[in-house]
Amino acid sequence: MSLLENIRGPHDVKALDGEDLTDLAEEIRHFLVHAVARTGGHLGPNLGVVELTIALHRAFDSPADRILWDTGHQSYVHKLLTGRQDFSKLRGKGGLSGYPSREESEHDVIENSHASTVLGWADGLAKANQVLGRWNRHVVAVIGDGALTGGMAWEALNNIAAAKDRQLIIVVNDNARSYAPTIGGLADHLATLRTTDGYERALSWGKDAVLRVPVLGRPLYESLHGAKKGFKDTFAPQGMFEDLGLKYLGPIDGHDIAAVESALRRAKRFHGPVLVHCRTQKGRGYQPALEDEADRFHTVGVMNPLTCEPLSPSTGMSWTSVFGDEMLRIGAERPDVVAITAAMLHPVGLTKFAEAYPDRVWDVGIAEQHGAVSAAGLATGGLHPVFAVYATFLNRAFDQVLMDVALHKCGVTFVLDRAGVTGTDGPSHNGMWDMSILQVVPGLRIAAPRDAGQLRAQLREAVAVEDAPTVVRFPKETVGRDIAAVGRVGGMDVLARPDGADEGVYDDEGDGADVLFVAVGAMAEVGLDVAGLLRDRGTTCTVVDPRWVKPVDEALPGLAARHRLVAVAEDNSRTGGVGWAVSQALRDAGVDLPVRTFGIPEQFLAHAKRAEVLADLGLTPAEIAGRISEALARAEETAVKEESTA
Numbered sequence: 000m001s002l003l004e005n006i007r008g009p010h011d012v013k014a015l016d017g018e019d020l021t022d023l024a025e026e027i028r029h030f031l032v033h034a035v036a037r038t039g040g041h042l043g044p045n046l047g048v049v050e051l052t053i054a055l056h057r058a059f060d061s062p063a064d065r066i067l068w069d070t071g072h073q074s075y076v077h078k079l080l081t082g083r084q085d086f087s088k089l090r091g092k093g094g095l096s097g098y099p100s101r102e103e104s105e106h107d108v109i110e111n112s113h114a115s116t117v118l119g120w121a122d123g124l125a126k127a128n129q130v131l132g133r134w135n136r137h138v139v140a141v142i143g144d145g146a147l148t149g150g151m152a153w154e155a156l157n158n159i160a161a162a163k164d165r166q167l168i169i170v171v172n173d174n175a176r177s178y179a180p181t182i183g184g185l186a187d188h189l190a191t192l193r194t195t196d197g198y199e200r201a202l203s204w205g206k207d208a209v210l211r212v213p214v215l216g217r218p219l220y221e222s223l224h225g226a227k228k229g230f231k232d233t234f235a236p237q238g239m240f241e242d243l244g245l246k247y248l249g250p251i252d253g254h255d256i257a258a259v260e261s262a263l264r265r266a267k268r269f270h271g272p273v274l275v276h277c278r279t280q281k282g283r284g285y286q287p288a289l290e291d292e293a294d295r296f297h298t299v300g301v302m303n304p305l306t307c308e309p310l311s312p313s314t315g316m317s318w319t320s321v322f323g324d325e326m327l328r329i330g331a332e333r334p335d336v337v338a339i340t341a342a343m344l345h346p347v348g349l350t351k352f353a354e355a356y357p358d359r360v361w362d363v364g365i366a367e368q369h370g371a372v373s374a375a376g377l378a379t380g381g382l383h384p385v386f387a388v389y390a391t392f393l394n395r396a397f398d399q400v401l402m403d404v405a406l407h408k409c410g411v412t413f414v415l416d417r418a419g420v421t422g423t424d425g426p427s428h429n430g431m432w433d434m435s436i437l438q439v440v441p442g443l444r445i446a447a448p449r450d451a452g453q454l455r456a457q458l459r460e461a462v463a464v465e466d467a468p469t470v471v472r473f474p475k476e477t478v479g480r481d482i483a484a485v486g487r488v489g490g491m492d493v494l495a496r497p498d499g500a501d502e503g504v505y506d507d508e509g510d511g512a513d514v515l516f517v518a519v520g521a522m523a524e525v526g527l528d529v530a531g532l533l534r535d536r537g538t539t540c541t542v543v544d545p546r547w548v549k550p551v552d553e554a555l556p557g558l559a560a561r562h563r564l565v566a567v568a569e570d571n572s573r574t575g576g577v578g579w580a581v582s583q584a585l586r587d588a589g590v591d592l593p594v595r596t597f598g599i600p601e602q603f604l605a606h607a608k609r610a611e612v613l614a615d616l617g618l619t620p621a622e623i624a625g626r627i628s629e630a631l632a633r634a635e636e637t638a639v640k641e642e643s644t645a
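With the first letter of the sequence shown counted as 1, position 2 gets the number 1 in numbering that gives the first Met the number 0; the numbers rise by one all the way through.
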């Protein structure tokens, strides 16, 4: 039996020493490469923290000591060392989460997987220990250098440093990368620290040498010791952290278990906030990851671990690639169009734009709030910024979208990748709130393209707006077929007519139908399937794609009035979403019709494939058609009763 198979918890890790620890690290890397290759997941970040995680569980006593992981995508090794070694369904339905999960283990504390939050959590937990007199408990926060580009991290550091006796240890996992190489002033500072690791050795040697000088040794050492701060700032500028009030240890080789464990034990004895700076290598031990300059195999799909070839190659274009190609074309036509990303240049599809126009793209780091305000400044300065960001992360910049961009009527386009149900990344990565929270922003317009052609067209429509913010959203999946419109009512595309015909111009003055089905964005294909199922049951249905879902098209109430029921399907929360906006628009227009909204209920969604999540939510053609039929039947019964009592 291997060493890893004998690990059932941190106590088993503590029982090992010497060569066994080195062998365990090697076994873990072999396990990760082959396990993650079978399921897909975050590979590079976890290969980089093997020794660091081993040292953490040897130096501290989890779960009494709280070990917190910022973002959490690097917690696979932590899972293995806390008894979770069944990775067969990693990120799949019923399997392990790709992030820490309280449901899985008492050793997991944070599971939100949004970066730069761990230090705030640590501050609160350490304060709780202090108030409750738990002086023997430690809080350990592991944060990457990429996450330190986030403003929340520095707000927390400011508070952590204020208490000199609070037992809190910050471990900086410094691999010089988030997805891609870390940028900004902090990155430059850490780079300087990485090059000065001989400082402490030199200082120790100098101390010994000076003290050996007869008679003058001690006075000379004390004089030199008084100048230590200036010397350190010159030759090892960790002063930025020490000026905040944090004891600094490092930089330390994060792949030397003994060195990291020793530093962590020294930090424990300090009885105050300590920052332990560990240098690590993303993708360590797996040559293909080390050779991947884009992101060091940050995330991989199902692949052959020997050749790294995907076992299930994509058969179509991704929404992200369609956006990226169109941005490149727009950039060639409009020199005023610029781009912003928050540490995700490659994942959001801006690579080609950046290569063609390097002076017109900015990576602001994990700082969505700053990115939104900077975009407002760019717009005010005469440019049109396109801020490409995951939908779930725009939540963090809501105040800036509202008060800086919208209030000032700035022409900024937000492109929301991974909108709606994302699936395997779990509850915090679903982009299921944007069409709800953005409904309250005055003047803002939201486009939800149904296919690649509409994404190209609506992106161009969005960047043409110069006096208000615009949003273009799309899901994380392969783009389906282009869906042609059979007509137009107002600004809405008609996708299916009541008689089922697919040609000709829709007559918006003609007869109506039983159901008006409003299909939002990627739900268009579902809407067409629902119409077919209803037609088979003798129910007529008009399917429209509103294209711009905020504001509600002025022609919608009039069109709805010629139907018996309105159904709205959206890949977004039902609360405050497009269905809510449609209902409000009908009420405002005096159109008294039943409205049924098919979307996501107010709950956090467990990780699973996107199709599985949608099926569990009832967002399938058969389920939706059945519920519409039931609603029509109830409406008919009500009408009959009202007639009989009239």
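Beta carbons: idealized from backbone N, C-alpha and C, even for Gly. Remember, predicted model here, so these are calculated numbers, not experimental data.
Continuous beta strand (DSSP E) stretch holding residue i: start and end
i: Val567; result: 562-572
i: Arg487; result: 486-488
i: Leu147; result: Where Leu147 is concerned, there is no enclosing beta strand (DSSP E), given that its DSSP letter is neither H nor E.
i: Lys246; result: 246-252
i: Asp498; result: Segment: none, Asp498 is in no beta strand (DSSP E) and carries neither H nor E.
i: Val360; result: 360-362
i: Phe413; result: 412-416
i: His113; result: Segment: none, His113 is in no beta strand (DSSP E) and carries neither H nor E.
i: Asn172; result: 167-173
Cβ neighbour criterion (16 or more within 10 Å) applied to residue i
i: Ser112; result: buried
i: Gln286; result: exposed
i: Met0; result: exposed
i: Met316; result: exposed
i: His407; result: exposed
i: Phe269; result: exposed
i: His10; result: exposed
i: Lys228; result: Legend: pLDDT at Lys228 = 48, less than 50; position of this residue unreliable, no value from coordinates given.
i: Asp433; result: buried
i: Thr421; result: buried
i: Ser582; result: buried
i: Ser74; result: buried
i: Asp647; result: Here the chain covers residues 0 to 645 and nothing more, so residue 647 does not appear.
i: Ala610; result: exposed
i: Thr38; result: buried
i: Trp68; result: buried
i: Ala621; result: exposed
i: Ala161; result: exposed
i: Gly93; result: exposed
i: Arg444; result: buried
Beta-bridge partners of residue i, as assigned by DSSP
i: Met491; result: Val488
i: Leu349; result: Per DSSP, none; premise fails for Leu349.
i: Leu515; result: Thr541, Val565
i: Arg65; result: Val138
Close Cβ partners of residue i (< 6 Å) along its chain, the five nearest in sequence each way excluded
i: Gly575; result: Ser435, Gln438
i: Thr340; result: Val347, Leu349, Asp362, Ala387
i: Asn128; result: Arg136
i: Gly330; result: Val336, Phe352, Tyr356
i: Ala596; result: Inspection of the sequence shows that residue 596 is occupied by Thr rather than by Ala. Same-chain partners within the cutoff: Val567, Arg573, Gly578.
i: Asp164; result: Gly271
i: Arg359; result: Val337
Extent of the continuous alpha helix (DSSP H) to which residue i belongs
i: Phe30; result: 18-38
i: Ile53; result: 49-58
i: Ala446; result: Here Ala446 belongs to no alpha helix (DSSP H); instead the beta strand (DSSP E) covers 444-446.
i: Asn128; result: 117-130
i: Gly598; result: Counting along the chain, Gly598 falls outside any alpha helix (DSSP H), though it belongs to the beta strand (DSSP E) covering 594-599.
i: Trp579; result: 577-587
Near the ligand NAP: residue i beta-carbon under 7 Å from a heavy atom
i: Asn128; result: This structure does not include the ligand NAP; it has no bound ligands of any sort.
Close-in-space but distant-in-sequence residues of the same chain around residue i (CB under 8 Å, 5 per side omitted)
i: Ala500; result: Confidence is the limiting factor: at Ala500 the pLDDT is only 45, short of 50, which leaves the residue's position unreliable and the question unanswerable from this model.
i: Leu15; result: Leu2, Leu23
i: Ser311; result: Gly300, Val301
Same chain, Cβ closer than 7 Å to residue i, neighbours up to 5 away in sequence not counted
i: Val12; result: Ile6, Ile53, His56, Arg57, Leu80
Please confirm if the stretch 513-520 is in contact with the stretch 533-545, defined as three or more CB-CB distances below 8 Å between the two stretches.
Contact between the stretch 513-520 and the stretch 533-545 is present, with at least three C-beta pairs closer than 8 Å.
Touching or not, the stretch 338-350 and the stretch 470-486, by the rule of three or more beta carbon pairs under 8 Å?
The answer is no - the stretch 470-486 does not touch the stretch 338-350, with fewer than three Cβ pairs under 8 Å.
Contact between the stretch 486-494 and the stretch 454-470 is defined here as three or more beta-carbon pairs at a separation below 8 Å; is this criterion met?
With fewer than three CB-CB distances shorter than 8 Å, the stretch 486-494 does not count as touching the stretch 454-470.
Between the stretch 438-451 and the stretch 629-639, do at least 3 Cβ pairs fall closer than 8 Å?
No, they do not touch.
Touching or not, the stretch 420-429 and the stretch 84-104, by the rule of three or more beta carbon pairs under 8 Å?
Contact between the stretch 420-429 and the stretch 84-104 is present, with at least three C-beta pairs closer than 8 Å.
Segment contact, 8 Å Cβ cut-off, at least three pairs: the stretch 41-50 with the stretch 270-284:
Flag = yes, the stretch 41-50 and the stretch 270-284 touch.
Evaluate contact between the stretch 401-419 and the stretch 551-564, counting only Cβ atoms and requiring at least three cross-stretch pairs below 8 Å.
Segments in contact, no.
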